[in-house]
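Here's the structure, in structure tokens; my notes come after.
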Amino acid sequence: MTNESNIVVCGSARVGKSTLINALCGKELAKTSNSLSSKTDQMEKYILNRDYISYNEASNSNEKQYSITIWDTPGIESWTKEHVQEHISKIMLKSNPVCIIYCASPGSFARLDQLEWIIESSIKSNIYCALVCTNKYSGGKQSREQLLKDFHSLLSRYQPMTKNENNVKYYGDAALCATVNSIPFEDEDRGIEKEVEGINELLFGITSSLKGDKLIAWCHTIADNESFWSAMANQLAEVYKIARPIAEEVLQNHGKDIAKALIPFIIRAAFK
Numbered sequence: 001m002t003n004e005s006n007i008v009v010c011g012s013a014r015v016g017k018s019t020l021i022n023a024l025c026g027k028e029l030a031k032t033s034n035s036l037s038s039k040t041d042q043m044e045k046y047i048l049n050r051d052y053i054s055y056n057e058a059s060n061s062n063e064k065q066y067s068i069t070i071w072d073t074p075g076i077e078s079w080t081k082e083h084v085q086e087h088i089s090k091i092m093l094k095s096n097p098v099c100i101i102y103c104a105s106p107g108s109f110a111r112l113d114q115l116e117w118i119i120e121s122s123i124k125s126n127i128y129c130a131l132v133c134t135n136k137y138s139g140g141k142q143s144r145e146q147l148l149k150d151f152h153s154l155l156s157r158y159q160p161m162t163k164n165e166n167n168v169k170y171y172g173d174a175a176l177c178a179t180v181n182s183i184p185f186e187d188e189d190r191g192i193e194k195e196v197e198g199i200n201e202l203l204f205g206i207t208s209s210l211k212g213d214k215l216i217a218w219c220h221t222i223a224d225n226e227s228f229w230s231a232m233a234n235q236l237a238e239v240y241k242i243a244r245p246i247a248e249e250v251l252q253n254h255g256k257d258i259a260k261a262l263i264p265f266i267i268r269a270a271f272k
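Residue numbers (the UniProt record's numbering): 1 to 272.
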């Protein structure tokens, strides 16, 4: 039995969408480029196939295959609002995505009218929306703060902010906004060096917000991200009420298989 799910990553060109996809999945799926021309100039899709044991109330246990397609859109800064609506609507109608991740970097060109439509359509369609400030140290602090202010202003029109934790702002179970540095950042002129930041917190935010089948699909999407599962195992155990002895045993004995050990407990909790 195959369950098919979709995730959409969109935003302007050269804001690190492909790099973010690789960081979320814990391995290289999307080809990336540091050149000034957009690497993703046409709709790309990346398919992950997973086999894990799933638990639910309808059946004690059964083997399922999960097929997750990640859509990497071309840069949309030059699109008209109508083009964005047509493009994203096709994906929404065809696939009912698990979530839509919108990326923008400090100082990058962001069409707020396009973003507002994406947010409104996502919330009305019960599709989780994550607004992500990528390349957080590029463009400077002032540009980063302005981008986050814009994100907050748009999201607050539809849902009030319910929590601000670990640099992730939550808007109920509908949306979040976060800042990330998907790859190490270095600016020799300003003497700045920064490591990867914010990825685990972003993943945790989306994981803890999704429900049911969408949560299952998301967990399988990020199953290869060893850093996330090892770093956030205790927080996940708390959210999904996994007994501490079980969580400690998973951390101590499962090594690279932490995800495979934890996901069945999360799935079981999702259907309680």
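Where is the CB? At the ideal position from N, CA and C, for every residue including glycine.
Proximal residues to residue i (C-beta, below 7 angstroms), its chain only, five neighbours per side dropped
{"i": "residue 166", "result": "201"}
{"i": "residue 139", "result": "105, 106, 107"}
{"i": "residue 262", "result": "229, 233, 236, 250"}
{"i": "residue 137", "result": "181, 185, 192, 194"}
{"i": "residue 270", "result": "211, 212, 215, 216"}
Strand pairing of residue i, partner residues [DSSP]
{"i": "residue 69", "result": "6, 47"}
{"i": "residue 170", "result": "163, 176"}
{"i": "residue 181", "result": "197"}
{"i": "residue 192", "result": "187"}
{"i": "residue 104", "result": "133"}
{"i": "residue 99", "result": "7, 128"}
Residue burial classification, residue i (beta-carbon count within 10 angstroms, cutoff 16)
{"i": "residue 6", "result": "buried"}
{"i": "residue 259", "result": "buried"}
{"i": "residue 244", "result": "exposed"}
{"i": "residue 86", "result": "exposed"}
{"i": "residue 225", "result": "buried"}
{"i": "residue 246", "result": "exposed"}
{"i": "residue 144", "result": "buried"}
{"i": "residue 12", "result": "buried"}
Span separating the alpha-carbon of residue i from that of residue j
{"i": "residue 142", "j": "residue 175", "result": "24 angstroms"}
{"i": "residue 164", "j": "residue 73", "result": "29 angstroms"}
{"i": "residue 177", "j": "residue 94", "result": "26 angstroms"}
{"i": "residue 24", "j": "residue 124", "result": "25 angstroms"}
{"i": "residue 4", "j": "residue 206", "result": "19 angstroms"}
{"i": "residue 91", "j": "residue 146", "result": "30 angstroms"}
{"i": "residue 156", "j": "residue 102", "result": "16 angstroms"}
{"i": "residue 213", "j": "residue 268", "result": "11 angstroms"}
{"i": "residue 265", "j": "residue 242", "result": "7 angstroms"}
{"i": "residue 14", "j": "residue 69", "result": "22 angstroms"}
{"i": "residue 71", "j": "residue 248", "result": "36 angstroms"}
{"i": "residue 21", "j": "residue 272", "result": "30 angstroms"}
{"i": "residue 209", "j": "residue 162", "result": "12 angstroms"}
{"i": "residue 257", "j": "residue 111", "result": "41 angstroms"}
{"i": "residue 158", "j": "residue 19", "result": "29 angstroms"}
{"i": "residue 49", "j": "residue 204", "result": "22 angstroms"}
{"i": "residue 35", "j": "residue 126", "result": "With a pLDDT of 41 at residue 35, under the threshold of 50, the predicted position of this residue should be treated as unreliable, though the coordinate-derived value follows. Going by the C-alpha atoms only, they are around 36 angstroms apart."}
{"i": "residue 227", "j": "residue 148", "result": "26 angstroms"}
{"i": "residue 252", "j": "residue 113", "result": "49 angstroms"}
{"i": "residue 29", "j": "residue 117", "result": "28 angstroms"}
{"i": "residue 187", "j": "residue 133", "result": "18 angstroms"}
Sequence-distant residues of its chain with Cβ nearer than 8 angstroms to residue i (five each side left out)
{"i": "residue 160", "result": "171, 172"}
{"i": "residue 59", "result": "Since pLDDT at residue 59 reaches only 42, below the 50 mark, its modelled position is unreliable, and the value read off the structure follows with that caveat. For residue 59, where only same-chain residues beyond five positions count, there are no Cβ hits under 8 angstroms."}
{"i": "residue 190", "result": "none"}
Beta-carbon contacts of residue i that lie in its chain and below 6 angstroms, excluding the five residues immediately before and after
{"i": "residue 151", "result": "131, 177"}
{"i": "residue 135", "result": "16, 105"}
{"i": "residue 223", "result": "259"}
{"i": "residue 129", "result": "100, 119, 122, 175"}
{"i": "residue 45", "result": "69, 71"}
{"i": "residue 27", "result": "224"}
{"i": "residue 231", "result": "200"}
Whether residue i touches residue j by CB criterion (8 angstroms)
{"i": "residue 221", "j": "residue 198", "result": "no"}
{"i": "residue 219", "j": "residue 100", "result": "no"}
{"i": "residue 183", "j": "residue 168", "result": "no"}
{"i": "residue 154", "j": "residue 215", "result": "no"}
{"i": "residue 47", "j": "residue 67", "result": "yes"}
{"i": "residue 239", "j": "residue 97", "result": "no"}
Within-8 angstroms CB hit, residue i to chain C
{"i": "residue 126", "result": "Protein chains in the displayed structure number just one, and chain C is not present."}
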